[in-house]
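Positions in the sequence shown are counted from 1; adding 5 to them yields the working numbering.
Note that CB positions come from ideal geometry on N, CA and C, so glycine has one too.
Data first, discussion second: the structure below is written as structure tokens.
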Amino acid sequence: EIEPSDQTLDFQGSRLGRVYKLLVYIRCCFQGQMFPPGAGELPDAGSGGALLRAQILATLLQPPGKNTFYRRQLASLPTLTAPCCLHALLLAAPAATLQVLTSAF
């Protein structure tokens, strides 16, 4: 499991660290939680949870160049030419990305 609170790992300045931070953010959204983990529930998590998950999945399937937020997060990765944001995440951290995707369902 992704452990964002593990203080022994310093991912702040690394490219992989940004990928993991983005994955933690996505997982929080899928679970109806605010970011950072432990900050509480999203206001519409109960009623709009399915819609939020669908919007996130649709965003992940967009090309990185079309999505400003993901483009900034993935800018330093050599996978920016990937056909979609999800592909770039899978190339950078396959196991963690798949684990986060399972939390959407």
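Beta-bridge partners of Q38, as assigned by DSSP: Q38 is bridged by DSSP to E46.
Buried versus exposed call for T107 [16 or more other C-beta atoms within 10 Å across all chains shown]: Exposed is the label assigned to T107, since fewer than 16 other Cβ atoms lie within 10 Å of its Cβ.
Pairwise C-alpha distance: L56 and A98: A98 and L56: Cα-Cα distance of roughly 26 Å.
Beta carbon of C89 nearer than 8 Å to that of Q67: Taking 8 Å as the Cβ cut-off, C89 and Q67 qualify as a contacting pair.
Contacts around Y30, its chain only, beta-carbon distance under 7 Å, and the 5 residues preceding and following it disregarded: So the qualifying residues of the chain are F40.
Cβ separation of L94 and L21, assumed to be a contact under 8 Å, to the nearest whole Å: About 11 Å separates the two Cβ atoms, so there is no contact after all.
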